[in-house]
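Chains as they are written, first to last, in the working numbering: chain A, 1 to 521; chain B, 1 to 305.
Ideal Cβ placement from N, Cα and C applies to all residues, glycine included.
The structure appears right after this line, and notes come after that.
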Amino acid sequence: MKKRQWTGLWITLLAVVMVLSACGGKSTSTNDSSATEGTGSGSASTTLTIAAATDIESFDPHNNNNTSSEAVLVNVFDYLIKNDSEQKKVAGLATSWDQVDDTTWRFKLREGVTFHNGDPFTSADVKYTLERVAKDETLKQNSYFKNIVEVKAVDDYTVDIITDGPDPLLLNRLSKMGAGILPAKYIADNGFDAFLKQPVGTGPYKFSKWTKDDRVELVKNENYFDGEPKWNEVVFRVIPEASTRVSELLAGGVDVASSIPSTDIARIEGEADKKIVKAPIQRVLQLIFRQTEGSITADPKVREAIDLAIDKQGIVDSIAGGAGIVTRTSVTPGNFGADPSLYKTSLYDQEKAKQLLQEAGYAEGEAEMTISVSAQYKEQAEVVAAMLEQAGFKINLDVLEASAFSERYSSKSFKEIFMIGIGNSLFDASNNYNRYMLEEAKGESDYNNPEVEKLLQSALVNMDPASREKEYQHVQQIFSEERPAVYLYQMEGVYGTNAKVNFAPRSDEMFYADEITPVAQ
Amino acid sequence: MGKYVLKSLLQIIPVLFIVSLIVFILVRVTGDPVALMLPETATAEDRAVLTQALGLDQPLYTQYVKFLGSAIQGDFGQSFRYNQPALELVLERLPASFELAVAAMFFAVLMAVPLGVISAVKRNTFTDLIISGISVIGKAMPNFWMGIMLILLFSVMLGVLPVSGRGGLSHLILPAFTLGVGLAAQMTRLIRSSMLEILNQDYIRTARSKGLGRMVVIVKHAFRNGLIPVVTIMSLQFTSLIGGTLITETVFSWPGLGQLLVVAVNTHDMAIVQAAVFVIAVIVVVTNILTDVAYRLLDPRIKYD
Chain A
1 MKKRQWTGLW ITLLAVVMVL SACGGKSTST NDSSATEGTG SGSASTTLTI AAATDIESFD
61 PHNNNNTSSE AVLVNVFDYL IKNDSEQKKV AGLATSWDQV DDTTWRFKLR EGVTFHNGDP
121 FTSADVKYTL ERVAKDETLK QNSYFKNIVE VKAVDDYTVD IITDGPDPLL LNRLSKMGAG
181 ILPAKYIADN GFDAFLKQPV GTGPYKFSKW TKDDRVELVK NENYFDGEPK WNEVVFRVIP
241 EASTRVSELL AGGVDVASSI PSTDIARIEG EADKKIVKAP IQRVLQLIFR QTEGSITADP
301 KVREAIDLAI DKQGIVDSIA GGAGIVTRTS VTPGNFGADP SLYKTSLYDQ EKAKQLLQEA
361 GYAEGEAEMT ISVSAQYKEQ AEVVAAMLEQ AGFKINLDVL EASAFSERYS SKSFKEIFMI
421 GIGNSLFDAS NNYNRYMLEE AKGESDYNNP EVEKLLQSAL VNMDPASREK EYQHVQQIFS
481 EERPAVYLYQ MEGVYGTNAK VNFAPRSDEM FYADEITPVA Q
Chain B
1 MGKYVLKSLL QIIPVLFIVS LIVFILVRVT GDPVALMLPE TATAEDRAVL TQALGLDQPL
61 YTQYVKFLGS AIQGDFGQSF RYNQPALELV LERLPASFEL AVAAMFFAVL MAVPLGVISA
121 VKRNTFTDLI ISGISVIGKA MPNFWMGIML ILLFSVMLGV LPVSGRGGLS HLILPAFTLG
181 VGLAAQMTRL IRSSMLEILN QDYIRTARSK GLGRMVVIVK HAFRNGLIPV VTIMSLQFTS
241 LIGGTLITET VFSWPGLGQL LVVAVNTHDM AIVQAAVFVI AVIVVVTNIL TDVAYRLLDP
301 RIKYD
């Protein structure tokens, strides 16, 4: 009996040893490769490593909906039109474009471009790509492209894009995620699943390897149409935990780390060979009011009092670590329709706020309201609530977990106020203002101003940029008086970099690897 | 014996059925995946279209019957985020979590065995007190905090180990140590008490009175027998290591099951949550059966009916 007992024990131990030696053996082999791929000083100029908080969703540019995915995919897939770092439209795979009539745009395509597998890029690829994203309703980018009715291949290097009505935003759509050009023939021959495993684009970097929630590895495309790319290899690491991301930067494991928490800024700046770089991003933190009749926030005096009671610069300095720009409009510079007179400015007057609240007929603590906010902006909301209470409001703070917030948001069931950071991937005022159009506002803000409605409806189909810009600027002036929302600040992206690279962050949060350059040593 | 195994295997079915039902309901009452998938500027119409395309407009029981029907065939649906079969994604991650769990177990044994034996042999001395103190601290220290501290010390300050990610053996050391410490503390206490009991047994006294050296008695006679409960706890803890690596994997960006699950919960990727919980449940149930069978082999006096 004793013997059997021992046999069992030894088998168990043996199994443990075997498993351990198995992973030991495998590890040593990968260890060698990681030594060469690392960003050690010897190979620093050939490999760029960037750390982000979230992984890409897939290599399907049509079925992604987060900025960090696009930030990676722009290196693999090209758009017909690109945004330069100032959000001006420049040639990408299209060399020129003209409006034929209200609903038709003609694009001349670049000749001699090849996909990573060697297939030539032609109008058939454009037709396949854009019609796919425009017609398949299950794709996450479909809502941005569904107004494209047809893409006509005029010849191999000319296409006509036809929309269901005048669409002043077509160029904006074609220069964002969802318009990444896919290889029609490669997908037809191999199927979409094969494409996802071995994606092929026309971009400066080719797919090499993707280990989910760990890293995406790209290698240089020697045949890139716009000249040879700068890095031999670009690695995007996924490091969700902020303190780990900061540690990777400090330990030299990554060259650029995004989303640095405000509490770590000083620590990184204190290191000799590390830098903090900041840039405004397309996200404005704001309070949106319910103006339904009977709601306390339907009273313009109350909304003005709320605006005046909040010290926006104070929130930027205390909570955001200085990474924010106060604004009285959500259409910030770089977006079509911006009104610069309302930017980099804010109102703050606690005394006047108290007085306005009294004029509106509320004694101290009588003006009671609920502010709903997603947990990610909890701290900002707490400060806002404290400032409002100081001015005589009574605030119920309703902090929701992200998916609960999303659900309440889409079912339009917030009470008086909700606090949200709204981005703008189209770089156009319409993205900020469509929610205030009658149909969309119904049940959410219940904002209703016939003059604004007229301006917004017209701007939606106005093909003359000059008058369209005026329309949006006019809306902004009205909004700054009526305050359907109070804007707190435009957020800034905070990145840490090592001194070996030059990196100027973009307002669209993209990482174009070739815009990041090694510092000459 | 064969009957016992058969019976246990049959018991898996209702267990997994209940697990699937609970997860299915929890996942659906906690939020709306459609809202998370679409941009903030999407219209009500966009939402309706997507809801219908995903089959989320159907009544709950219809969705569940459909889910169960495909789950039996190994199809847990498509991940919203990755747009790939959920089970495939979960199984892809198992090796990474398994590697981490085995390494953590290795660390735990490496630390606990000598400490446990020493503190039993030197019971009620200053050494014993120190070891007990360390194991209390080890058990009480949050994984999260310890992981960050280890990174700061070994990666940022000393620069000897990588901060995060999965790569060579060097990548494994810090997370495995972090995960193994709590288990080591528990095992140290267990080995100590089991050794103490054995050291008081008659056969130990007999061995000593035969004139055998103290070390020989401890190593050859007492220690071997003292290990048996350790093997037991190892098998039990292994399942909790597989399922419970969430925090450690997140701190070290270890691309395992735990991290997948955390991201899936955050992004409301229902199919992945369902598949992951299901797979963990299967591992737990199967390991428990194997442990019972191992007991039976080790000690024929134990009977199962």
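**Item:** Residue from A294(B), L260(B), V293(B) and R123(B) with nearest C-alpha to E88(B)
**Value:** The candidate whose alpha carbon is nearest that of E88(B) is L260(B).
**Request:** Tell me, to the nearest whole angstrom, how far the beta carbon of V475(A) is from that of L456(A); I am working on the premise that it is less than 8 Å.
**Result:** So it is a contact: roughly 6 Å between Cβ atoms.
**Message:** Tell me the rounded alpha-carbon separation between L397(A) and Y447(A).
**Reply:** Each residue's CA atom was taken as its position, placing L397(A) and Y447(A) some 23 Å apart.
**Asked** Buried or exposed: Y157(A), going by 16 or more other Cβ atoms within 10 Å of its Cβ?
**Response** Result: buried.
**Item:** Reduced DSSP secondary structure (H/G/I, E/B, other) of K415(A)
**Value:** DSSP places K415(A) in coil when its eight states are reduced to three.
**Request:** For V219(A), collect the residues of the same chain with a Cβ closer than 6 Å to its Cβ; drop the 5 residues on either side in sequence, then sort them by chain order.
**Result:** The answer, listed in chain order, is K206, S208 and E233.
**Request:** Might you give, ordered along the chain, the residues of its own chain that have their beta carbon closer than 6 Å to the beta carbon of T188(B), omitting 5 neighbours on each side?
**Result:** Spatial neighbours of T188(B) in its own chain (CB-CB distance under 6 Å, excluding positions within 5 residues in sequence) are listed in chain order as A112, L115, G116 and S135.
**Asked** What is the C-beta distance between S313(B) and V163(B), in whole angstroms, given that I count them as a contact (C-beta under 8 Å)?
**Response** Within the shown structure, residues of chain B are numbered from 1 to 305, placing residue 313(B) beyond reach of any answer.
**Message:** I need the straight-line Cα distance from N462(A) to D167(A), nearest angstrom please.
**Reply:** Each residue's Cα considered, the two are about 8 Å apart.
**Request:** Ignore the nearest five residues each way along the sequence and tell me which others in V90(A)'s own chain have a CB closer than 6 Å to its CB.
**Result:** Only K82 and D84 meet the Cβ criterion.
**Prompt:** How many Å lie between F511(A) and I18(B) at the Cα?
**Reply:** One C-alpha to the other measures close to 46 Å.
**Request:** State the DSSP-derived secondary structure class of A51(A), mapped to helix, strand or coil.
**Result:** If DSSP states are grouped into helix, strand and coil, A51(A) belongs with the strands.
**Message:** By the DSSP assignment, the beta strand (DSSP E) with V254(A) in it spans what residues?
**Reply:** Where V254(A) is concerned, there is no enclosing beta strand (DSSP E), given that its DSSP letter is neither H nor E.
**Asked** S20(B): which of I280(B), L297(B) and L290(B) sits nearest, CA to CA?
**Response** Ranked by how close their Cα comes to the Cα of S20(B), the residues I280(B), L297(B) and L290(B) have I280(B) in first place.
**Message:** Quick check: the Cα distance between E249(B) and G165(B), rounded to an integer number of angstroms?
**Reply:** C-alpha separation (whole angstroms): 9 Å.
**Request:** Give me whichever residues DSSP pairs with A353(A) in a beta bridge.
**Result:** According to DSSP, A353(A) bridges with nothing at all.
**Prompt:** Would L73(A) pass as a contact of Q84(B) if the rule is Cβ separation under 9 Å?
**Reply:** Annotated as distal: L73(A) and Q84(B), with beta-carbon spacing of 9 Å or more.
**Request:** Would you kindly work out how many angstroms separate the C-alpha atoms of L171(A) and P465(A), rounded to a whole number?
**Result:** Between the alpha carbons of L171(A) and P465(A) lies a distance of about 12 Å.
**Request:** Give the straight-line distance between the Cα atoms of I315(A) and G167(B), rounded to the nearest whole angstrom.
**Result:** So the alpha carbons of these two residues sit roughly 41 Å apart.
**Prompt:** Does the Cβ-Cβ distance between E416(A) and S330(A) come in under 9 Å?
**Reply:** Cβ distance not < 9 Å, so E416(A) and S330(A) don't count as in contact.
**Request:** Report all residues from its chain with a CB closer than 6 Å to the CB of S33(A); omit the five preceding and five following residues, and keep chain order.
**Result:** Per-residue confidence for S33(A) stands at a pLDDT of 36, beneath the threshold of 50, marking its modelled position as unreliable; the derived number appears in the next sentence. Within the same chain, S33(A) has no close Cβ partners at all.
**Item:** Local Cβ density within 10 Å of K312(A), reported as buried at 16 or more and exposed below that
**Value:** Counting Cβ neighbours within 10 Å, K312(A) comes out buried, since at least 16 surround it.
**Request:** With a cut-off of 8 Å on the beta carbons, I'd call Q141(A) and D508(A) a contact; round off their distance for me.
**Result:** No, Q141(A) and D508(A) are not in contact; Cβ-Cβ is about 15 Å, not under 8 Å.
**Prompt:** Using the beta-carbon of each residue, which ones in chain A are nearer than 9 Å to V279(B)?
**Reply:** At a beta-carbon threshold of 9 Å, none of the residues of chain A lie near V279(B); the nearest stands roughly 16 Å away.
**Request:** Name the one or two DSSP bridge partners that W210(A) has.
**Result:** According to DSSP, which records beta bridges pairwise, W210(A) is partnered with V216(A).
**Request:** For the stretch 415-472 of chain A, list the alpha helix (DSSP H) runs that are entirely contained and at least 4 residues long, ordered along the chain.
**Result:** 429-433, 438-441 and 450-461, all fully within the stretch 415-472 of chain A.
**Message:** Quick check on the DSSP output: the beta strand (DSSP E) that includes F393(A) runs from which residue to which?
**Reply:** Where F393(A) is concerned, the enclosing beta strand (DSSP E) stretches over F393 to L400.
**Prompt:** Whose Cβ in chain A lies nearer than 7 Å to the Cβ of D46(B)?
**Reply:** The contacting residues are S143.
**6 Å CB neighbourhood of I50(A) in its chain, flanking five on each side removed** = Counting only Cβ-Cβ distances below 6 Å, and skipping sequence neighbours, we find F236, V256 and F511.
**Request:** For A153(A), name the three-state secondary structure that DSSP assigns.
**Result:** DSSP places A153(A) in strand when its eight states are reduced to three.
**chain A contacts from the stretch 99-117 of chain B (Cβ-Cβ distance under 9 Å)** = The residues in question are E99, V102, A103, M105, F106 and V109.
**Request:** Could you say which of G92(A), N75(A), E444(A) and F192(A) lies nearest to R132(A) if we only look at CA atoms?
**Result:** When C-alpha distances from R132(A) are compared across G92(A), N75(A), E444(A) and F192(A), the shortest belongs to F192(A).
**Prompt:** Identify the residues that DSSP records as bridge partners of R283(A): which are they?
**Reply:** In DSSP, R283(A) forms a bridge with G423(A).
**Request:** Quick one: residues in its chain with C-beta nearer than 6 Å to the C-beta of N143(B), no 5 flanking neighbours on either side, listed in chain order?
**Result:** Residues T178, I247 and T248 of the same chain have their beta carbon placed closer than 6 Å to that of N143(B), with the five preceding and five following residues left out of the count.
**Asked** Taking Cβ positions only, does Y472(A) come closer than 9 Å to chain B?
**Response** By this cut-off, Y472(A) is not an interface position.
**Message:** By the three-class DSSP mapping on this structure, what secondary structure does G2(B) have?
**Reply:** Correct three-state label for G2(B): helix.
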